[in-house]
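Undergrad: Have a look at the structure that comes next, please.
2 protein chains.
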Amino acid sequence: MRYALGIDVGGTKIYSAIIDENGQIVSDIEKNPTPKSFDEIKQLFKSIIKKHEKDVDVIAFSTCGAVNNSNNHILGSTGNIAEGYPDMQFAELSAKPVFVENDANCAAWAEYKIGASKGTKVSVMLTLGTGVGGGIIIKNELLKGQNGAAGEMHFKMYSDKRRKCTCGGWDCFEIYASGKGLKITAEEISKNHDITTYDVIEGVQKGDSLMIEIFNKWQDDITNGIIGLSNIFDPDCVVLSKIQDNANKEIITTPIVVKKAVAGNYSGMIGAALLAFEKGIN
Amino acid sequence: MRYALGIDVGGTKIYSAIIDENGQIVSDIEKNPTPKSFDEIKQLFKSIIKKHEKDVDVIAFSTCGAVNNSNNHILGSTGNIAEGYPDMQFAELSAKPVFVENDANCAAWAEYKIGASKGTKVSVMLTLGTGVGGGIIIKNELLKGQNGAAGEMHFKMYSDKRRKCTCGGWDCFEIYASGKGLKITAEEISKNHDITTYDVIEGVQKGDSLMIEIFNKWQDDITNGIIGLSNIFDPDCVVLSKIQDNANKEIITTPIVVKKAVAGNYSGMIGAALLAFEKGIN
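Listed in order, the protein sequences are those of chains Z and Y. Going by the working numbering, the first residue of the first sequence is number 1, and it counts up by one from there. Going by the working numbering, the first residue of the second sequence is number 1001, and it counts up by one from there.
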């Protein structure tokens, strides 16, 4: 049995644990808040790796940001993390092999190997969080594209410049389907700038009609994106992270199999580990 | 050297010719108007095949409509051709092997093997005609999806139900980027219901500012679609059929390599033949 040290790097938290070839977490899970500076992040990586590297065959990073096809550095900027982070020299962090992949790609791979899309030929995974990530698997291979940046969910929902997206473009799927998108939709419909996504979810649970309207609009946007992706990829299934049960109920009215992700919060590091075993070390 | 009888079936014309393994047309090209009924189409296929089947190794159809993964029948309806056409039993038309693929997929393959996207790792081809077709090639393989229907360009350009698409949905890329889309854009901007796409092209050539405005709006819609596809696939290049030079000039302002298709009107039958050699017969 081979082992990986999986490290999932998000904008707010960094998870780490030892993961085996079956995708099982075989150690305690360490959670750290993501430090604010490049140097602190690098120090944290070093300290996590130092503790575990003797016990593993590979260090497997699941990270925000698009990752190149050699799985060793980040392409371009990432938005929600310390400036300079994309310049991280991952290979220099350990004497053991280091493997890096985008977090949504890792989550997609985890679902494909041990979760909702197991056994499928073509699957599309959408991770809905502060932003939106995408991971596409075609015939047992992650779609990476020319440079490694494939799966970015920045296709337009409108063509008349309504919302500026975090990517610098206009009206991308991400700025409608993300948590940030839900907040903007809530502000637009309620005319209340202080409304939060928690207000919306709580309101839906209480049966508040305005909150249900907001929630349904957000769901419609997600559904519209899924319809487009389904027509492009003809996938066996679409996997959504963090979808509410009533959201899922809404979405499956379209003739597409939409499944809820099962690997949970640790899908990033599990997927990174499984990809590293598959691609990163021999 | 192996030979295929390539037959390209469109809504208005049916082209046929003998094509060799290099994608060269080695016979006269026969052009027929597409008959109006299923029986007449079937009779035409039979008469074309009867003339040439002894001289070829495979019959290779490039057809409107999505085609299944076994490359022998059409999935669902096709819109612009005789009712019942999707039920055609292609294999029964000849004693030789018969191979069938969607026309945009065939055009994409022709461009990949002998045209604009030769040597690329990931390419997206858009055929802009009465409708819009899409063909995506990833690492030497056509993206077919679960059922064979991948590459359908029915992702939304707006999410507020402006134009009904031929597919039954709303605001798909096809109903903006197609010739039909250009006509609707022209009608909307000029407030003239009788305006034709020829009026627009002619007006642009004469420098008419209203026609240029219409043309630019249509180009913007195409560009917006290409941006989304490029973010999803991270392709080496996007190939467009039938694009005007000034259109191309407009589109390359986005950071994507957009190339003009080179295989021309016969890319369907050439691509069908080359795919048949690759996949259909051994």
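In this text, a Cβ means the ideal position worked out from N, Cα and C, and glycines have one as well. This structure is a prediction, so every number in the text was calculated from the model and none was measured.
The beta strand (DSSP E) that contains GLY1134 (chain Y), what's its start and end?
TA: Segment 1132 to 1138, the beta strand (DSSP E) holding GLY1134 (chain Y).
Undergrad: Quick one: does PRO1235 (chain Y) have its CB under 8 Å from some CB of chain Z?
TA: Answer yes: the Cβ-Cβ gap between PRO1235 (chain Y) and chain Z drops below 8 Å somewhere.
Undergrad: Cβ of LEU126 (chain Z) less than 8 Å from any chain Y Cβ?
TA: With 8 Å as the cut-off, LEU126 (chain Z) does not count as an interface residue toward chain Y.
Undergrad: Roughly how many angstroms separate the alpha carbons of SER1241 (chain Y) and GLN1219 (chain Y), rounded to a whole number?
TA: Whole-angstrom Cα-Cα distance: 13 Å.
Undergrad: Against chain Y, does LYS183 (chain Z) count as a neighbour if the rule is that its beta carbon must be under 8 Å from one of theirs?
TA: It does not: the Cβ of LYS183 (chain Z) has no partner Cβ on chain Y nearer than 8 Å.
Undergrad: Using a Cβ cut-off of 8 Å (strictly closer), state whether ILE232 (chain Z) contacts chain Y.
TA: Answer yes: the Cβ-Cβ gap between ILE232 (chain Z) and chain Y drops below 8 Å somewhere.
Undergrad: Alpha carbon to alpha carbon, how far is ASP1234 (chain Y) from THR1254 (chain Y)? Give it in angstroms, no decimals.
TA: Annotation note: pLDDT 38 at THR1254 (chain Y) (below 50); position unreliable, no value reported.
Undergrad: With 16 as the cutoff for other CB atoms within 10 Å, does ASN1231 (chain Y) come out buried or exposed?
TA: With 16 or more Cβ atoms within 10 Å of its Cβ, ASN1231 (chain Y) is classed as buried.
Undergrad: Going by beta-carbon coordinates alone, are PHE1155 (chain Y) and CYS1167 (chain Y) separated by less than 8 Å?
TA: In this structure, CYS1167 (chain Y) does not lie closer than 8 Å to PHE1155 (chain Y) by Cβ.
Undergrad: Output, in sequence order along the chain, the residues in the stretch 1134 to 1156 of chain Y whose CB is closer than 9 Å to any CB in chain Z.
TA: The stretch 1134 to 1156 of chain Y vs chain Z, Cβ under 9 Å: GLY1134, ILE1136, ILE1138, LYS1139, GLU1141, LEU1143, LYS1144, GLY1145, GLN1146, ASN1147, GLY1148, ALA1149, ALA1150, GLY1151, GLU1152, MET1153, HIS1154, PHE1155, LYS1156.
Undergrad: Can you give me the Cβ contacts of LYS118 (chain Z) inside the same chain, cut-off strictly under 7 Å, excluding the 5 residues immediately before and after it?
TA: Same-chain partners within the cutoff: TYR112.
Undergrad: Check whether the Cβ atoms of LYS96 (chain Z) and ASP39 (chain Z) lie closer than 8 Å to each other.
TA: Not a contact, by the Cβ cut-off of 8 Å.
Undergrad: Using a Cβ-Cβ cut-off of less than 9 Å, give me the residues of the stretch 1041 to 1061 of chain Y that come near chain Z, in sequence order.
TA: Answer in chain order: no residues at all.
Undergrad: Given TYR1158 (chain Y), which residues of its chain have a CB within under 6 Å of its CB, disregarding the five upstream and five downstream residues?
TA: The residues are ASP1171.
Undergrad: With a threshold of 8 Å between beta-carbons, can SER77 (chain Z) be considered close to chain Y, or not?
TA: False, the Cβ-Cβ gap to chain Y never drops below 8 Å.
Undergrad: Identify whether ASN224 (chain Z) lies in helix, strand or coil by the three-state DSSP scheme.
TA: Three-state DSSP puts ASN224 (chain Z) in a helix.
Undergrad: Would SER27 (chain Z) and GLY271 (chain Z) be called neighbours here (beta carbons separated by less than 8 Å)?
TA: Their beta carbons are not under 8 Å apart, which means SER27 (chain Z) does not touch GLY271 (chain Z) by this criterion.
Undergrad: Evaluate contact between the stretch 1062 to 1082 of chain Y and the stretch 1091 to 1106 of chain Y, counting only Cβ atoms and requiring at least three cross-stretch pairs below 8 Å.
TA: Verdict: yes, contact present.
Undergrad: Using a Cβ-Cβ cut-off of 6 Å (strictly less than) and excluding sequence neighbours within five positions of ILE1136 (chain Y), which residues of its own chain qualify?
TA: Excluding positions up to five away in sequence, the list reads VAL1124, LEU1143, GLY1151.
Undergrad: Check the Cβ of SER117 (chain Z) against every Cβ in chain Y and list those closer than 8 Å, keeping chain order.
TA: None at all; the shortest Cβ gap to chain Y is about 12 Å.
Undergrad: Assuming contact is defined by CB atoms lying nearer than 8 Å, are ILE25 (chain Z) and ILE14 (chain Z) in contact in what I supplied?
TA: No; because the gap between Cβ atoms is not below 8 Å, this pair is not in contact.
Undergrad: Less than 8 Å between CB atoms is the rule here; does ASP1221 (chain Y) satisfy it with respect to chain Z?
TA: ASP1221 (chain Y) counts as touching chain Z.
Undergrad: Could you check the C-alpha separation between ASP1283 (chain Y) and ALA149 (chain Z) for me, to the nearest Å?
TA: Residue 1283 (chain Y) cannot be examined here, being either before or after the span of chain Y that is shown, 1001 to 1282.
Undergrad: Can you give me the start and stop residues for the alpha helix (DSSP H) that SER16 (chain Z) sits inside?
TA: Careful: SER16 (chain Z) lies outside any alpha helix (DSSP H), inside the beta strand (DSSP E) at 13 to 20.
Undergrad: Go ahead and pull the three-state DSSP assignment for LEU240 (chain Z).
TA: In this structure, LEU240 (chain Z) counts as strand in the three-state DSSP scheme.
Undergrad: Would SER16 (chain Z) count as contacting chain Y if we go by Cβ distances under 8 Å?
TA: With 8 Å as the cut-off, SER16 (chain Z) does not count as an interface residue toward chain Y.
Undergrad: From the DSSP output, in three-state form, read off THR254 (chain Z) for me.
TA: The predicted model places THR254 (chain Z) with a pLDDT of 38, which falls under 50 and marks its position as unreliable; any figure quoted below should be read in that light. Residue state, collapsed to three classes: coil.
Undergrad: Could you list which residues in chain Y have their beta carbon closer than 9 Å to that of VAL67 (chain Z), in chain order?
TA: Near VAL67 (chain Z) there are no residues of chain Y at all, since even the closest Cβ is about 12 Å away, more than 9 Å.
Undergrad: Let me make sure I understand the geometry here. Which of Y:LYS1183, Y:VAL1122, Y:THR1127 has the alpha-carbon closest to that of ILE1138 (chain Y)?
TA: Looking at the Cα atoms, Y:VAL1122 is the closest of the given residues.
Undergrad: DSSP three-state call for ASP1199 (chain Y): helix, strand or coil?
TA: Note: ASP1199 (chain Y) maps to helix in three-state DSSP.
Undergrad: Considering only the alpha carbon of each residue, which of Y:LYS1046, Y:GLU1083, Y:ASP1020 lies closest to ARG1002 (chain Y)?
TA: When only C-alpha atoms are compared, the closest one is Y:ASP1020.
Undergrad: Return the bridge partner residues of ILE1074 (chain Y) from the DSSP annotation.
TA: According to DSSP, ILE1074 (chain Y) bridges with Y:VAL1067.
Undergrad: Check whether the Cβ of GLY228 (chain Z) lies closer than 8 Å to any Cβ atom in chain Y.
TA: Chain Y, which has a Cβ nearer than 8 Å to the Cβ of GLY228 (chain Z), makes this yes.
Undergrad: Mind reading off the beta-carbon distance from VAL1132 (chain Y) to GLU1101 (chain Y)? Whole number of angstroms is fine, and I expect it under 8 Å.
TA: Their Cβ separation, rounded to whole angstroms, is 17 Å, which puts VAL1132 (chain Y) and GLU1101 (chain Y) out of contact at 8 Å.
Undergrad: Alpha carbon to alpha carbon, how far is ILE18 (chain Z) from LEU5 (chain Z)?
TA: Those two C-alpha atoms are separated by around 5 Å.
Undergrad: SER1098 (chain Y) touches chain Z at which residues, Cβ-Cβ below 7 Å?
TA: At residue 1098 (chain Y) the sequence reads Val, which differs from the Ser that was named. Residues of chain Z passing the Cβ test: none, with the nearest at roughly 23 Å.
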